[in-house]
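Participant:
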Amino acid sequence: MLALGAGSAAFAQNRDPAYAAARAAGQVGEQTDGYLGVVGNASPDVRAMVKDLNNKRRAVYTEKAAGKSTIEEYAFATACRLILETKPGEKYQAPDGSWKVRDGGAPVRDPRCP
């Protein structure tokens with residue numbers, strides 16, 4: 008599998024109060040493809056924020072994957088790590104596509120994750 012080291016620009020959303028609020032409210036979650044997903048009915052502002060953050064993530068994935076793997080492979084490997092790093096109460100996508108709320112145990116991850 009790939010070495011994981013996502014760029015800080017794409018993941019600076021962790022310091023963005025609007026992102027933190029949407030994540031805490033369960034409006035966004037980590038998807039299995041390495042991108043953020045909108046969970047349920049979110050405001051146009053939340054949807055625009057997710058689109059912007061995903062564009063930034065894709066730029067980082069493109070840079071990091073260059074010459075090593077495909078963008079999709081790099082994004083998937085990063086998703087494995089990001090889902091593992093979710094905190095209790097946060098949402099993430101399970102391999103079957105359903106949204107789960109992280110509890111105190113390990114998240115349900117794709118069996119291909121390291």
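Residues 8 to 121 in this note's numbering are what the sequence shown lists, from first letter to last.
Cβ coordinates follow ideal geometry from the N, Cα and C atoms, glycine included.
On a predicted model such as this, the values are computed, not experimentally measured, just so you know.
With H, G and I counted as helix, E and B as strand and the rest as coil, what does DSSP make of V108?
Facilitator: Locating residue 108 in the sequence shown gives position 101, where the first residue counts as 1. Three-state result, V108: strand.
Participant: Report yes if the C-beta distance between Y81 and I90 is below 8 Å; otherwise report no.
Facilitator: Residue 81 sits at position 74 when you count from the first residue of the sequence shown. Residue 90 sits at position 83 when you count from the first residue of the sequence shown. No; because the gap between Cβ atoms is not below 8 Å, this pair is not in contact.
Participant: Taking 8 Å as the threshold, find out whether the stretch 70-78 comes into contact with the stretch 21-30 through three or more Cβ pairs.
Facilitator: Because the criterion of three Cβ pairs below 8 Å is not met, the stretch 70-78 and the stretch 21-30 do not touch.
Participant: Between N62 and G112, what straight-line distance do the alpha-carbon atoms span, to the nearest angstrom?
Facilitator: The count along the sequence shown starts at 1 and reaches residue 62 at position 55. The count along the sequence shown starts at 1 and reaches residue 112 at position 105. Going from the Cα of N62 to the Cα of G112 covers about 31 Å.
Participant: Closest to P121 by C-alpha separation, out of P95, Y68, S50 and A84, would be which residue?
Facilitator: Here residue 121 refers to the residue found at position 114 of the sequence shown. Comparing Cα positions, the closest option is A84.
Participant: State the DSSP-derived secondary structure class of E70, mapped to helix, strand or coil.
Facilitator: For the purposes of this step, residue 70 is taken as the residue at position 63 of the sequence shown. E70 falls in the helix class under three-state DSSP.
Participant: Once DSSP output is grouped into helix, strand and coil, what is the label at K98?
Facilitator: Counted from its first residue, the sequence shown places residue 98 at position 91. Three-state result, K98: strand.
Participant: To the nearest angstrom, report how far apart D103 and E37 are at their CA atoms.
Facilitator: Walking along the sequence shown from the start, residue 103 turns up at place 96. Walking along the sequence shown from the start, residue 37 turns up at place 30. Taking the straight line from one Cα to the other gives about 14 Å.
Participant: With DSSP as the reference, please indicate the residues paired to E37 in a beta bridge.
Facilitator: Counting from one through the sequence shown, the residue named residue 37 turns up at place 30. DSSP, once it has assigned bridges, lists L43 and Y99 as partnering E37.
Participant: Residues in the same chain with beta-carbon distance under 7 Å from T93, minus the five sequence neighbours each way, listed in chain order, please.
Facilitator: Working through the sequence shown from its first residue, we reach residue 93 at position 86. E37, Y99, R109 and P114, listed in sequence order.
Participant: Kindly list the residues whose CB is nearer than 7 Å to the CB of P95, restricted to its own chain and excluding five residues on each side of it in sequence; keep chain order.
Facilitator: For the purposes of this step, residue 95 is taken as the residue at position 88 of the sequence shown. Same-chain partners within the cutoff: R109, D110 and G111.
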